[in-house]
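Protein chains: 2
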Amino acid sequence: MLASDAEFMAEAYRLAEKSFSEGGLPIGSVLVRDGKIIGGGHNQRIQRGSPILHGEMDCIENAGRQSTYRDTTIYTTLSPCMMCSGTIVQFKIPRVVVGENVNFGGNEDFLRSQGVEVVVLNDPKCAALMRRYIELHPSEWGEDIAET
Amino acid sequence: MLASDAEFMAEAYRLAEKSFSEGGLPIGSVLVRDGKIIGGGHNQRIQRGSPILHGEMDCIENAGRQSTYRDTTIYTTLSPCMMCSGTIVQFKIPRVVVGENVNFGGNEDFLRSQGVEVVVLNDPKCAALMRRYIELHPSEWGEDIAET
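Quick note, the sequences are listed as chains A and B, same order.
Following this note's numbering, the numbering of the first sequence begins with 42 at its first residue and continues without gaps.
Following this note's numbering, the numbering of the second sequence begins with 42 at its first residue and continues without gaps.
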């Protein structure tokens, strides 16, 4: 039996929690093909001083080189920013499952306009963890989304 | 005296040549603030097995965390793909100088629609080096732009 979207999101959430426990931005992501996770990651701004390793980017990087992404789904605890949305479009990832888009969002229509299926789970755990980080670390959050 | 766009592009080209000499995709990039290069990089798909480190992404990563990009210009030997274009928009980089858009292009209008100034230099050296790589390594090039 293939795992459900909720089960893959639970793994993305586990990676977000790991990042939070390290003092980092709690955004996690997994990339799935044929019901199996081929890569996972989380935001690395604090941990590795990386401006580009958002959760989705770290996940795709960790999956390594792929001949195609047309048969994959990416899961992310937080709605993708324009960097990550552009990456999803460029790499032709056809489906994105989003934990929540309350704390950040706005690129879902762009993704859909490019033919990407976007599913928003409205997961209260993802939203609560992200909100907690933003309250604790507003300047790091502002830096991460270039709202400074 | 501030260096000119052509001088910064020459440094991006030097990084593209370095990548070519390593067997990698010859796309180089520099990020500039106040007439000084604050980061440089090149495509790392072959050298580091990285799907996300296009020239622009490697450059931004090497520049490290920044409080703002609103006062920067990014130079790239090849017109940015949608990943790199999305990153430029997300990070609010206001100006992009492109070496050439003959071997790859198409996102200039998207960038302009988001308020980014795009300058295309039509540099024959950038175009010739990229064309040479594509002729030698068509499958790696196809993988890099997800045209497989």
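We put the beta carbon where it would ideally sit given N, CA and C, even for glycine.
Not flagged as an interface residue toward chain B: F49 of chain A, since no C-beta distance is shorter than 8 Å.
Counting the other CB atoms within 10 Å of its CB gives G76 of chain B a total below 16, which places it among the exposed residues. Its chain contains V130 as the residues whose beta carbon lies nearer than 8 Å to that of Q155 of chain A, once the 5 sequence neighbours on both sides are disregarded; these appear in chain order. Listed in chain order, the positions of the segment 177–188 of chain A with a beta carbon within less than 8 Å of a beta carbon of chain B are E184, I186, A187.
The Cβ atoms of N144 of chain A and L119 of chain A lie closer than 8 Å to each other. Under the Cβ criterion of 8 Å, G127 of chain B is counted among the residues facing chain A.
Looking at the backbone, the Cα of L72 of chain B and that of D150 of chain B are separated by about 21 Å. No Cβ of chain A is located within less than 8 Å of the beta carbon of Y174 of chain B.
V130 of chain B reaches chain A at M123, M124, G127, counting residues in chain order whose Cβ is nearer than 9 Å.
G140 of chain A carries a strand assignment under DSSP once its states are collapsed to helix, strand and coil.
In summary, D112 of chain A is exposed, with fewer than 16 beta-carbon neighbours lying within 10 Å of its beta-carbon over all protein chains present.
Within 8 Å of the CB of I93 of chain B, the CB atoms of chain A belong to I93, M98, I101, E102, T128, in sequence order along the chain.
Inclusion of S70 of chain B and E97 of chain B in the CB contact set at 8 Å is warranted, their separation being smaller than that value.
Nearest CB-CB separation between R106 of chain B and chain A: below the 8 Å threshold.
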